[in-house]
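One structure below.
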Amino acid sequence: MKTEATRAAYGRALEALGHSRTDVVVLDADLSGSTKTAAFGKSFPDRFFNMGVAECNMMGFAAGLALSGKTVFASSFAIFAAGKAWEQIRQSICVPNLNVKIVASHAGITVGEDGASHQMLEDIALMRVLPRMKVVVPADSKQTEAAVEAIATTEGPCYMRTSRAATPVMDDAPDFVFGKAVVHRKGSDLALVACGVEVYQCLLAADELSQEGVECTIVDCATVDPLDAETVCEAARTCGRVMTVEEHQIVGGLGEAVAGTLLENGALVPMRRHGMTGQFGQTGPAAALLDHYHLDGPGIAEKARRFLGETR
Amino acid sequence: MTLAAPPQAPAPQDATEMAEIANRIRRDVIRMVHAAGCGHPGGPLGLAEIFATLYFQELRLDPENSEHPLRDRLILSNGHCCAVLYSSLARRGFFPVEKLHTFRKFGSPLQGHPHRGALPGIEMSTGSLGNGVSVAAGMALAAKMDRLDSRIYAITSDGESQEGQPWEMATAAAHYGLGNLTLLLDWNGIQIDGRTEDVMNPGDIGAKYAAFGWHVQEIDGHDFQALSAALAAAKAETERPSLLACRTMIGKGVSYMEDVSDFHGMAPDDEQAILALKELGDPSPDDLDHASPGLWST
Numbered sequence: 001m002k003t004e005a006t007r008a009a010y011g012r013a014l015e016a017l018g019h020s021r022t023d024v025v026v027l028d029a030d031l032s033g034s035t036k037t038a039a040f041g042k043s044f045p046d047r048f049f050n051m052g053v054a055e056c057n058m059m060g061f062a063a064g065l066a067l068s069g070k071t072v073f074a075s076s077f078a079i080f081a082a083g084k085a086w087e088q089i090r091q092s093i094c095v096p097n098l099n100v101k102i103v104a105s106h107a108g109i110t111v112g113e114d115g116a117s118h119q120m121l122e123d124i125a126l127m128r129v130l131p132r133m134k135v136v137v138p139a140d141s142k143q144t145e146a147a148v149e150a151i152a153t154t155e156g157p158c159y160m161r162t163s164r165a166a167t168p169v170m171d172d173a174p175d176f177v178f179g180k181a182v183v184h185r186k187g188s189d190l191a192l193v194a195c196g197v198e199v200y201q202c203l204l205a206a207d208e209l210s211q212e213g214v215e216c217t218i219v220d221c222a223t224v225d226p227l228d229a230e231t232v233c234e235a236a237r238t239c240g241r242v243m244t245v246e247e248h249q250i251v252g253g254l255g256e257a258v259a260g261t262l263l264e265n266g267a268l269v270p271m272r273r274h275g276m277t278g279q280f281g282q283t284g285p286a287a288a289l290l291d292h293y294h295l296d297g298p299g300i301a302e303k304a305r306r307f308l309g310e311t312r
Numbered sequence: 313m314t315l316a317a318p319p320q321a322p323a324p325q326d327a328t329e330m331a332e333i334a335n336r337i338r339r340d341v342i343r344m345v346h347a348a349g350c351g352h353p354g355g356p357l358g359l360a361e362i363f364a365t366l367y368f369q370e371l372r373l374d375p376e377n378s379e380h381p382l383r384d385r386l387i388l389s390n391g392h393c394c395a396v397l398y399s400s401l402a403r404r405g406f407f408p409v410e411k412l413h414t415f416r417k418f419g420s421p422l423q424g425h426p427h428r429g430a431l432p433g434i435e436m437s438t439g440s441l442g443n444g445v446s447v448a449a450g451m452a453l454a455a456k457m458d459r460l461d462s463r464i465y466a467i468t469s470d471g472e473s474q475e476g477q478p479w480e481m482a483t484a485a486a487h488y489g490l491g492n493l494t495l496l497l498d499w500n501g502i503q504i505d506g507r508t509e510d511v512m513n514p515g516d517i518g519a520k521y522a523a524f525g526w527h528v529q530e531i532d533g534h535d536f537q538a539l540s541a542a543l544a545a546a547k548a549e550t551e552r553p554s555l556l557a558c559r560t561m562i563g564k565g566v567s568y569m570e571d572v573s574d575f576h577g578m579a580p581d582d583e584q585a586i587l588a589l590k591e592l593g594d595p596s597p598d599d600l601d602h603a604s605p606g607l608w609s610t
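Here's what the structure looks like:
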């Protein structure tokens, strides 16, 4: 299976967007080689500005450019973009509702060897709590390319989370549509609701569980906010059990978005949030970390078995 | 689509007229903050000459077409001083002066800190110190990219200079040669908790900007001639961003507020408001019924 990091797809899609959209301006904070905005910078040096190691100021510049009619993509690592510059994003981008797209790479524990300081596990929470902010977490490079195009044409602030690690490209999956969840497979025993790199791991877990007679529906919430309530609730009603999976703290992340949606739509069923539970990450290869935190296929399957056992 | 004619600066006014405009802004500030019962009177009073100069002499704006792409732009980065901005915008014709008395009241577009979209002429939501200067620099970068003649102005303060973000901005604005950006520093030596040199001494802020590669002029922020000359020199400098390090006095024009930190963030009571209005030559200083439209027409 072909693998590629979502950040690589972002870089490619952004460069492509630059050809058709002369209003697109890109900012980066000294990480353009890693976030992959460098390709845009090479093709469009007049519309690419490296802001140096100064993320808060970068968000302010992004706001000023957007106020002057530009569609701005601002990139850094997720920990710095969503974490360090959160207040600037709130005050200077969300309050005045500006057309700034923050695309942040190196999110989640799959950052790997860089360790706890760089493994952003709170960005979905920090971004989805902001009024007007849309949150997109593509599962693979195919979705990422479509998402770049989609967020460029969606007015207002948007946050998109990309990953460092190369992950499988799910060529057979339905196309990404902003605001819509993607259903990858349908079963009636358990709904696994995931985003980002965890979608493919859920597919692996579903294969394993299927051999044991447990059939899963996989809901890929590539758009975390606004969440596709209809698809998520339908999966909950069909399966009667929901487990969310994310490489993010279970507080404030996709799991809580799903729980709130089920609650408010009268679709509450027994549910588990699986992800990081009140802890920071650690160093090591991405695969070792996914294994350690039960966020790979076998780990998710094990968590699912336990959940099903407790609620049978 | 035909674009409206580029906005123009107001017709030149003599020194007496400018002084009257500044005085009228000060009376507005006193009435607004007294009507609200809370807010920041001191900073706005100290900025009256600067705002009179910018809005009644310098800025190319069109109140009828407040989003004209070729306009100059001003961001009040120390947003708590917004009473002076609201008064200036109203007096320049962006919205009726009768709205000024609703400052900080429920449902009013005149929020306690500027809110973009609430009223024409408010270029940016500000209030969190450090943020507005970066937005202004981003606007300057956009104007430079598009080769527009617009100038971007931002007001900052010595207290705001204790934040880190202005120095990130100062680095980037110099790096990208934003000669179309003029920052005016409200350098009054006072912040909410007291004198800046006691709270957190920002040192020679002008020298710091110069060290960051800016074109710096230190002037008396209450001197119209000095302000005009410095703004002209800032315009003539096309390679570097400019700082007008304006030495100002908080509370200027109201005897008991001058150089006093108490009125950084406290409204005058009735007696104090009447005294202030008398000192500022208000024709009806004893009339504190601020909702009365007649009070704003003079």
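Here the protein sequences line up with chains A and B, keeping their order.
Residue 76 in this note's numbering sits at position 76 of the first sequence, and the numbers go up by one each step.
When you read off a place in the second sequence, starting at 1, and then add 312, the result is the number in this note's numbering.
For glycine and all other residues, C-beta sits at the position ideal for the given N, C-alpha and C.
Counting contacts by CB-CB distance shorter than 8 Å, is A:Asn57 in contact with chain B? The residue labelled residue 57 of chain A in the question sits at position 57 within the first sequence. Closer than 8 Å to the CB of A:Asn57 there is at least one CB belonging to chain B.
Specify whether the region 388 to 399 of chain B and the region 437 to 457 of chain B touch according to this definition: at least 3 beta carbon pairs, one from each stretch, less than 8 Å apart. Output reads yes: the region 437 to 457 of chain B touches the region 388 to 399 of chain B.
Do you know how far the Cα of A:Pro157 is from the Cα of B:Asp516? Along the second sequence, one-based indexing puts residue 516 of chain B at 204. Along the first sequence, one-based indexing puts residue 157 of chain A at 157. Cα-Cα distance, rounded: 38 Å.
Which same chain residues, not among the five before or five after B:Pro605, have their C-beta less than 7 Å away from its C-beta? Start at 1 with the first residue of the second sequence, and residue 605 of chain B comes out as number 293. For B:Pro605, where only same-chain residues beyond five positions count, the Cβ hits under 7 Å are Glu410.
Taking the DSSP output, what are the residues bridged to A:Thr244? In the first sequence, the residue the question calls residue 244 of chain A occupies position 244. Residue pairing by DSSP places A:Thr244 opposite A:Val193 and A:Arg273 in a beta bridge.
Give the residues of chain A in contact with B:Thr483, contact being defined as C-beta atoms less than 9 Å apart. In the second sequence, counting from the first residue as 1, residue 483 of chain B sits at position 171. Residues of chain A passing the Cβ test: Gly52, Ala54 and Asn57.
Look up A:Cys233 in the DSSP assignment and say whether it is helix, strand or coil. Position 233 of the first sequence holds residue 233 of chain A. Helix.
Within 10 angstroms of the Cβ of A:Cys94, are there 16 or more other Cβ atoms? Answer buried if so, exposed if not. Position 94 of the first sequence, counted from the first residue, corresponds to residue 94 of chain A. A:Cys94 should be labelled buried.
I want to see whether chain B comes within less than 8 Å of A:Pro96, judged by CB atoms only; does it? Translated into positions along the first sequence, residue 96 of chain A becomes position 96. Interface residue, yes.
Closer than 8 Å by beta-carbon distance: list the chain B residues that pair up with A:Asp46, in chain order. For this step, residue 46 of chain A is matched to residue 46 along the first sequence. Within chain B, the residues near A:Asp46 are Met457.
So, is the C-beta of A:Lys84 closer than 8 Å to a C-beta in chain B? Against the first sequence, residue 84 of chain A aligns to sequence position 84. A:Lys84 does not count as touching chain B.
Since A:Glu87 meets chain B, which of its residues come closer than 7 Å, beta carbon to beta carbon? Position 87 of the first sequence, counted from the start, is the residue given in the question as residue 87 of chain A. Those within 7 Å of A:Glu87 in chain B are Ser440.
Please go through the region 467 to 533 of chain B and give each complete alpha helix (DSSP H) segment of 4 or more residues, from N-terminal end onward. Counting only unbroken stretches of 4 or more residues, the alpha helix (DSSP H) elements lying wholly within the region 467 to 533 of chain B are 477 to 487, 508 to 512 and 517 to 523, in sequence order.
Can you pull out the residues from the region 2 to 13 of chain A whose beta carbon lies closer than 9 Å to at least one beta carbon of chain B? Those would be none; no residue qualifies.
Of all the CB atoms in chain B, is at least one closer than 8 Å to the CB of A:Lys42? Position 42 of the first sequence, counted from the start, is the residue given in the question as residue 42 of chain A. Judged by the 8 Å Cβ criterion, A:Lys42 is not in contact with chain B.
Select from B:Gly450, B:Arg463 and B:Gln503 the residue whose C-alpha is nearest the C-alpha of B:Ser469. The residue given as residue 469 of chain B occupies position 157 in the second sequence. Nearest option by C-alpha distance: B:Gln503.
In terms of alpha-carbon separation, which member of A:Arg7, A:Leu17 and A:Met58 lies closest to A:Gly33? Here the question's residue 33 of chain A lines up with position 33 in the first sequence. Per the Cα distances, A:Arg7.
Cβ pair count under 8 Å reaching 3, the region 480 to 495 of chain B against the region 396 to 413 of chain B: Verdict: no, contact absent.
What first and last residue would you give for the alpha helix (DSSP H) that runs through B:Ile342? Within the second sequence, numbered from 1, the residue matching residue 342 of chain B stands at position 30. DSSP places B:Ile342 inside the alpha helix (DSSP H), whose first and last residues are Ala327 to Ala348.
List the residues of chain A whose Cβ lies closer than 7 Å to the Cβ of B:Met451, in chain order. For the purposes of this step, residue 451 of chain B is taken as residue 139 along the second sequence, with counting starting at 1. Simply Gly64, Leu67 and Ser68.
Assuming A:Ile59 is part of the alpha helix (DSSP H), what are its boundary residues? Indexing the first sequence from 1 puts residue 59 of chain A at position 59. Looking at the sequence provided, one finds Met at residue 59 of chain A rather than Ile. Membership of A:Met59 in the alpha helix (DSSP H) is indicated by the continuous run Glu55 to Leu67.
According to the Cβ coordinates, are B:Ser378 and B:Pro426 closer than 8 Å? As a working mapping, residue 378 of chain B is identified with position 66 in the second sequence. As a working mapping, residue 426 of chain B is identified with position 114 in the second sequence. Taking 8 Å as the Cβ cut-off, B:Ser378 and B:Pro426 do not qualify as a contacting pair.
With a threshold of 8 Å between beta carbons, is A:Gln143 in contact with chain B? Within the first sequence, residue 143 of chain A is the residue found at index 143, counting from 1. It does not; no Cβ of chain B falls within 8 Å.
Cα separation between B:Thr365 and A:Ala9? On the second sequence, residue 365 of chain B is found 53 positions in, with the first residue counted as 1. On the first sequence, residue 9 of chain A is found 9 positions in, with the first residue counted as 1. Cα to Cα, the separation comes out at about 51 Å.
Test: A:Gln249 CB closer than 8 Å to a CB of chain B: The sequence position of residue 249 of chain A within the first sequence is 249, counting from 1. A:Gln249 does not count as touching chain B.
Considering only their Cβ atoms, is the gap separating B:Leu412 from B:Gly565 smaller than 8 Å? Position 253 of the second sequence holds residue 565 of chain B. Position 100 of the second sequence holds residue 412 of chain B. Result no, Cβ atoms of B:Gly565 and B:Leu412 do not sit closer than 8 Å.
Length of the line joining the Cα atoms of A:Thr3 and A:Ser20: For this step, residue 3 of chain A is matched to residue 3 along the first sequence. For this step, residue 20 of chain A is matched to residue 20 along the first sequence. The straight-line gap from Cα to Cα measures roughly 27 Å.
Quick one: does the C-beta of A:Leu121 sit closer than 7 Å to a heavy atom of the ligand GTP? With respect to small molecules bound, the structure shown includes none, and the ligand GTP cannot be examined in it.
For the beta strand (DSSP E) containing A:Glu73, name the first residue and the last one. Position 73 of the first sequence, counted from the first residue, corresponds to residue 73 of chain A. The sequence shown places Phe at residue 73 of chain A, not Glu. For A:Phe73, the enclosing beta strand (DSSP E) begins and ends at Thr71 to Phe77.
Members of the region 414 to 437 of chain B near chain A, C-beta cut-off 8 Å: Of all residues in the region 414 to 437 of chain B, those with a C-beta nearer than 8 Å to a C-beta of chain A are His427, Arg428, Gly429, Glu435, Met436 and Ser437, reading in chain order.
Rounded to whole angstroms, what's the CA-CA distance from B:Gly506 to A:Leu27? Just pull it up for me. The count along the second sequence starts at 1 and reaches residue 506 of chain B at position 194. The count along the first sequence starts at 1 and reaches residue 27 of chain A at position 27. Roughly 38 Å between the two C-alpha positions.
Can you grab the Cα-Cα spacing for the pair A:Val232 / B:Ala579, in whole Å? Counted from its first residue, the first sequence places residue 232 of chain A at position 232. Counted from its first residue, the second sequence places residue 579 of chain B at position 267. When rounded, the separation of the alpha-carbon atoms in A:Val232 and B:Ala579 is 53 Å.
A:Ala107 by DSSP, collapsed to three states: which one? Residue 107 of chain A sits at position 107 when you count from the first residue of the first sequence. DSSP, read as helix, strand or coil, puts A:Ala107 in strand.
Report yes if the CB atom of B:Gly429 is closer than 8 Å to the CB atom of A:Pro96, and no otherwise. Here residue 429 of chain B refers to the residue found at position 117 of the second sequence. Here residue 96 of chain A refers to the residue found at position 96 of the first sequence. The criterion of a C-beta distance shorter than 8 Å is satisfied by B:Gly429 and A:Pro96.
Residues that A:Leu60 contacts on chain B, provided the C-beta gap is smaller than 9 Å: Residue mapping note: residue 60 of chain A aligns to position 60 of the first sequence, counting from 1. In the sequence as presented, Leu is not what sits at residue 60 of chain A; that position holds Gly. Close partners of A:Gly60 in chain B (Cβ separation under 9 Å): Gly442, Asn443, Gly444, Val445, Ser446, Val447, Ala448, Ala449, Gly450, Gln477, Glu480 and Met481.
DSSP state of B:Lys417 mapped onto helix, strand, coil: Translated into positions along the second sequence, residue 417 of chain B becomes position 105. The answer is coil: DSSP assigns B:Lys417 none of H, G, I, E or B.
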